[in-house]
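This report concerns only the one structure given below.
Numbering (the numbering used here), first residue to last: 21 to 208.
Right under this line is the structure:
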């Protein structure tokens, strides 16, 4: 079957490795050493499935994240029809990454992996602007996103951050896949 798909120009997208999220705390340390400030916030972005099919999986993930009483969880929707499950766990990068992994894993295990878009870990840049390290679910890679005003990006900061985290996490090599996440939670 693989030969036929290759011949017809079809390929199966690579399966995301959610465990790579556990490498992100090292990237947090590297960014902090360069003046970035970890906010303790992050989020998982997914396309909500019509009806209530995925609601039970999301509710279960929310409950699991709240179990230890250290994290705040909030659900919101953006202007593009995506749902964001925001998590705040001040000062605990490993805990936040575990929470993001929990939410992603719950949705994948419930059959909603194709609905997942990305996860974010939020910072402030050395100059005080918003910044996120973004995990692209379908690619299994990270990229930096630094919004700098009304639908503008700080490309210099993004490229600098790419160099900072390149030894810590797999970085998305195709710049065209560095999506702008306008309106993402905690990046305003």
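Every residue gets a Cβ at the ideal spot worked out from N, C-alpha and C, and that includes glycine.
Where the beta strand (DSSP E) containing residue i begins and where it ends
i	result
residue 182	Not the beta strand (DSSP E): residue 182 falls in the alpha helix (DSSP H), residues 175 to 185.
residue 95	92 to 97
residue 67	57 to 67
residue 154	150 to 156
Extent of the continuous alpha helix (DSSP H) run through residue i
i	result
residue 140	Looking at the DSSP string, residue 140 is not in any alpha helix (DSSP H); the run it does join, the beta strand (DSSP E), is 136 to 144.
residue 114	113 to 129
residue 45	44 to 53
residue 80	75 to 86
C-beta atoms of residue i and residue j nearer than 7 angstroms
i	j	result
residue 126	residue 81	yes
residue 58	residue 143	yes
residue 156	residue 138	yes
residue 119	residue 91	yes
Residues near residue i by beta carbon distance below 6 angstroms, same chain, minus five either side
i	result
residue 21	Residue confidence for residue 21 is low, a pLDDT of 48 falling below 50, so the modelled location carries little weight and cannot support an answer.
residue 146	55
residue 104	63, 65, 96 and 205
residue 177	145 and 166
Local Cβ density within 10 Å of residue i, reported as buried at 16 or more and exposed below that
i	result
residue 109	buried
residue 121	buried
residue 167	buried
residue 192	buried
residue 164	buried
residue 196	exposed
Spatial neighbours of residue i in its chain, beta-carbon cut-off 7 angstroms, leaving aside the 5 residues before and after
i	result
residue 116	60, 62, 107, 109 and 141
residue 184	50, 51 and 54
message: Counting beta carbon pairs with one atom in the segment 71 to 80 and one in the segment 39 to 48, are three or more of them shorter than 8 angstroms?
response: These segments do not touch.
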